[in-house]
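Only one structure is covered here, and it is reproduced in the block below.
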Amino acid sequence: MSPAVPSHITRVTTMLQFPNLPNAPGPIEVEALVDTGADVNFIDRDFLILNGVQPLKLKHPIPLAMVDSSRNVSVTHVVRLPVCFDRFKEELTFCVFPLKGYQTILGMPFLKQFDPDLDFRRGGIASFPYTPEEEPPLPEVPAIAFVSARQFRKDLAEAGQYGLLAATATISPTPTMTTTELPAQYADFADVFATAEMRGLPPRRPFDHRIELTDPNAPLPNSKPYKHSPAELEALWEYLNRAQATGEIVRSSSPARSSVLFVKKKDGSLRVCIDYRALNKITKKNRTPLPLIPELLDRLREAKYFARIDLADAYKQLRMAEGSEYLTAFGTRFGSFEYQVMPFGLCNAPATFQSLINTTFHDMVDQFVVAYLDDILIFSRTLEEHEDNVRKVLARLRKEQLYAKLEKCDFLATSVEFLGYIVSADGIAMDPKKIDAILAWPTPRNVKDTLSFLGFCNFYRQFIRNYSGIAAPLTRLTRKDVPFVWDATAEESFQALKHAFTTADILRHCDPRLPYLLETDASDYAYGAVLSQEFEDGLRPVAFYSKKFTPAELNYSIHNKELLSIVRAFEHWRDYLEGAQHKVRVITDHQPLMYFNTKRVLDRQQARWSVSLSRFDFSIEHRPGVKSGKPDALSRRSDHALTDADATEERVLNLFAAQLWQLESLSHETIRLAQQSDDHSRSLADRLRKDTAATGEKDYKLDPKGLIRWRGRLYVPDTGELRLRIMEENHNAPMAGHPGQTGTWELVRRHFYWPGQRVDINRFVGSCPTCARAKNARAKPAGLLKPIPPPERPWETVTLDFITSLPDSNGHTAILVMVDPLSKMAKFEPCGNDIDAPTLAECFVRRVVSQFGIPRALISDRGPQFTSHFWRSLTARLGTSLNLSTAFRPQVDGQTEIVNGWLGQYLRSFSCYQQDDWCDLLPLAEFAYNTSVHSTTGVSPFFAMYGFDPRGGDEATVPLLKPGDRRFTHHDALAKADKLRSLHEFLRRQIAIAQDIHKRYYDRRRTSPPQFKEGDLVYLDARNIRASRPSRKLSPKHLGPFPVDKVVRPDVYRLRLPPTMRIHPVFDVQLLKPVAANPYPGRVLREPEPEIVDGEEMWEVEAITDSRWFGRGRQREVRYHVRWRGFGPEYDTWEPAANVEGSGDLVSDFHTRHPSKPRPRPLP
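As numbered in the UniProt record's numbering, residues 1 to 1164 make up the sequence shown, in order.
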């Protein structure tokens, strides 16, 4: 079977034989692909597992570059195996990788070593000119035996070569351990540093961890196991065996069950974690305070010698209390297990462990020991005293059966890092790591870099004496009329500001009694964080942190980058935040993260991070991007920006040609096993061998390998999810490209066959959520026309809309258009683009209410003027209903849209070259429109309103309706044209007739709308929605799916949108598409990333409306009243001057119009 490949690519294969694999009954022959684009040889991981071969794990995984440019896979294992080919038997080294379609791929190492002649015409290897070098014969294998000392002395007297390996016997079966890093004076305490295998279970103690539930009758967590990759299953199997051997876990029949997750360690291996989020939610919180770090540090003032001991696997040195073990149960495919020791991830674990430490060292604490969780610091004034103190601590650890990790301990130190501080004989200093993000700030290279640095410093200017004077040289460089020249004065100012952050005036020592505020932000290439606390004199920073993303992390989505910045900040400041007395407030400008703690569905990466965060008590709050300057500046430092060198930092392996055959996907072996396990296939194969196949089976044949084929294509039996897997890989894979129903069927039918194949593929593609979101709908739009019934009287209903962004004319830049749907009369009023609701109301009362009375209903779009609280309150007070159009459905207000088109044509025809006289033309335009015959009614709007046409020029006033006029079929209307009531009835009938004609033409291009009910899932057309993605061309065509929240009308629905989509949730049916049911239960559907609509970084200043002084004394500052674009007045905010620096033109315009209003003081 040969997969379809491009015509310019030729596949070359050869046969390899593996002579002696552990689980194989004999030699195994496989077809190998020869790939000139592969840097190494590859072998299929499943093939090794099936045949019992154990590969060697690499210390550092090697990233793998695929043909589709994906960089999220790595080679983690290698293996060296003997192989036979042609006349050779050689050992080859293979990288282990899950291949598709072949068991092995022979890359450049094979080609360079054996230099085969490739036959591209036949797609094979013609010959091997390689001749192996002759190797000298190996000497006779020496004999190895256990001998006594007497026998060895006797053997030495004889001729020959002998070697002796001597071993000392020991009575104890416990393995010994090395003490090469343990100082000699403490060598007798080597057992305190025993490994986990040597320790066994910890003893029972009064501090065994007990889990108390907030409600004993609450349902226990019962999470479904996550799906794991083969590598994860291998790591899980190893962990379960190891943990059962040490007694940490036992098999369980508990009704509770949590899920297993994996976190990648720095060396690339996997750490097993349990997702205890659901259990923590129903657990009573233990608020036992952790030690106050300032008080701990006070004890160290006069010490000169230090030792730091770090306990190994600290939490696992405590037992679970009897009766609480069942709550820690977790489920795997290998069974359920529960912990006998305290596992990682339980919310009260820090408090329990600190209680154990406090009691263990109760007589030493504050004398020569301070301890914070698993960090124990021993301090002394003299060397002799210090050695004695260390021995006392080690002895106490031995007595209590607590164990330390030798490689993380420090002995006989004069300076040591402890809890974020550097402790030495000279005193206590701030850890430079806390301010690395500031001190490492690179020298600005341009105005943008300078503004970024000053923007960050500005948040702390009130704590820096003479800030304006220090920063003046840098501020001067940001002015438009000053060339950017970085001189000695600027460098001195830059260094002085950085140094200011190292002083206590800005950076404070943390106080655990106060709540923590954690602010984070992520840019495209880095993340930053600021940890602060509210002291008596205001919010002060405790530490700063920023770091570049790794090459792999650069590929994360925006959502995951923002989440990763929170995870890294908690990990970096674990000493402060784990076990904090108050809930940590996390501030982010990424609104979807607010719901991370309550989100039920997480991808595997987010779930792993969730486990890491489960030991912290925190809440996430949203702050718009325009207000998140501190972490934003750290994450956007110029030295963090991507460079060309970043693309070549990683060593990668190329696997090129192998990916071109991905669509073949399944090996013959997989198909053979499926056919052998299927009763129908076995019966069919028997009939084919005996040549007794039925008439309908004449197209089935057995190939030389015993596989059933139908017209040359492999027959796929209906076993397991094999057919589903074939459809997924021929539709979802990057090399397939999500083709349509016919395209997917053509890909599958090239190689595979089963009855009903086309129907299955149509159902599969029709229910593909990715296609539904990414592709344009080809069918006729749904939704028939439902005209608005004509009103009973003129101006009983009024439609309103704006024509905006016109050239300035007499101070006006927009036109308010008001139309009566019955008479078709229109009113045109000039106004400004930024007209507010009160001005709109005044205009409406003057032009409509004062002449025609209060209307019963208003129809408008969803502009901020109409959605504002003021306008809603006004219409409610007047007793008028406000009917806003559904989101992105201008046809609802089609009457005004038609008038807008006519008015635009009129103004284009008569305005001058400068286009600044359109305001003077509006009265004439209004007259011309209202006296023109309307195609729907057959009369002018003026006649429809008053029963006569106005005089124009020297014309006499003549009614437009003449007896016998054939345009009108209702004779009563012609006879009573002078009576307005009859006229209005006539107009309503004419409008109804026109609407009916228009509906017939409109509905020809439409289909009957689908009927949705509450709870149904639908996709939303994204054509009118402005999201945060960089390019609309590559954005999904549909968003969702979203549930229907309410049926407003049969053709209008309200959707339950996520908080990240700040748009009106009511939509016309033509913008909705039903979600096809998934007919395949085993199908894995990829969750779409959350769309950000009018969310973070979408706040744009529209106008500055006021300025005012805030605060007193040195903290006094000017703030501006800001109107945000796209939002009503109720969203206005007062912003510091620094937050509107990017809107300098608006600020200048404001002060030009209001010179007496306060403005920031100029810099000296």
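C-beta atoms are modelled at their ideal positions from N, C-alpha and C, and glycine is treated no differently.
Query                                                                                                                       : Result
Whole-number beta carbon distance between residue 565 and residue 524, since they are thought to touch under 8 angstroms    : That pair is no contact at about 12 angstroms.
Option in 1051, 927, 580, 796 with minimal Cα separation from residue 828                                                   : 927
Sequence-distant residues of the same chain with beta carbon closer than 8 angstroms to residue 688, five excluded per side : 697, 700, 701, 702, 708
Alpha helix (DSSP H) runs wholly inside the segment 296 to 364, at least 4 long, in chain order                             : 349 to 360
Alpha carbon of residue 797 to alpha carbon of residue 1106, nearest angstrom                                               : 37 angstroms
For residue 237, the first and last residue of its enclosing alpha helix (DSSP H)                                           : 230 to 246
Presumed contact (8 angstroms Cβ cut-off) between residue 568 and residue 515, rounded CB distance                          : Residue 568 to residue 515, Cβ: 21 angstroms. No contact.
Start-to-end residues for the beta strand (DSSP E) that takes in residue 1135                                               : 1133 to 1136
Proximity winner among 409, 768, 549, 579, relative to residue 1019 (alpha-carbon distances)                                : 768
Beta-carbon proximity check, residue 573 vs residue 531, cutoff 7 angstroms                                                 : yes
Pick from 314, 494, 482, 478 that is closest to residue 440, judged by C-alpha positions                                    : 494
4 or more residues per run - each alpha helix (DSSP H) lying fully within the segment 44 to 103                             : 45 to 50
Same chain, Cβ closer than 6 angstroms to residue 608, neighbours up to 5 away in sequence not counted                      : 261, 263
Cα-Cα separation, residue 842 to residue 896                                                                                : 20 angstroms
Which of helix, strand or coil DSSP assigns to residue 587                                                                  : strand
Backbone CA spacing between residue 1155 and residue 541 [nearest angstrom]                                                 : 37 angstroms
Through-space distance from residue 820 to residue 1010, alpha-carbon basis                                                 : 32 angstroms
Entirely enclosed alpha helix (DSSP H) segments - the segment 735 to 784, minimum 4 residues                                : 741 to 749, 757 to 766, 769 to 774
Start-to-end residues for the alpha helix (DSSP H) that takes in residue 837                                                : 837 to 844
Cβ-based neighbour list, residue 1038, same chain, cut-off 7 angstroms, excluding 5 preceding and 5 following               : 772, 773, 1019, 1020, 1021, 1022, 1073
Bounding residues of the beta strand (DSSP E) (the contiguous stretch that carries residue 548)                             : 538 to 548
Close Cβ partners of residue 825 (< 6 angstroms) along its chain, the five nearest in sequence each way excluded            : 930, 941, 945
Distance cut-off 6 angstroms: residue 910 Cβ against heavy atoms of the ligand COA                                          : This structure lacks the ligand COA; in fact it carries no ligand of any kind.
Where residue 795 falls: helix, strand or coil (DSSP)                                                                       : coil
Touching by the beta-carbon criterion (3+ pairs, under 8 angstroms), the segment 327 to 341 and the segment 371 to 384      : no
Contact check, residue 380 vs residue 368, beta carbons under 7 angstroms                                                   : yes
When 95, 57, 34, 42 are compared against residue 114, the one with the closest alpha-carbon                                 : 34
Inter-residue spacing [alpha-carbon to alpha-carbon] between residue 399 and residue 244                                    : 25 angstroms
Straight-line Cα distance separating residue 622 from residue 595                                                           : 10 angstroms
Cβ distance (whole Å) where residue 407 is taken to contact residue 185 below 8 angstroms                                   : About 19 angstroms separates the two Cβ atoms, so there is no contact after all.
Closest residue to residue 65 among 75, 716, 857 (Cα-Cα distance)                                                           : 75
Spatial distance of residue 1042 from residue 775 (CA atoms)                                                                : 17 angstroms
Through-space distance from residue 805 to residue 1153, alpha-carbon basis                                                 : 22 angstroms
Minimum C-alpha distance to residue 311 - residue among 404, 912, 490, 265                                                  : 404
Through-space distance from residue 259 to residue 226, alpha-carbon basis                                                  : 7 angstroms
Reference residue 1165, options 1101, 214, 1157, 536, closest by Cα                                                         : Absent from the model: residue 1165. The displayed extent of the chain is 1 to 1164, so no value can be given.
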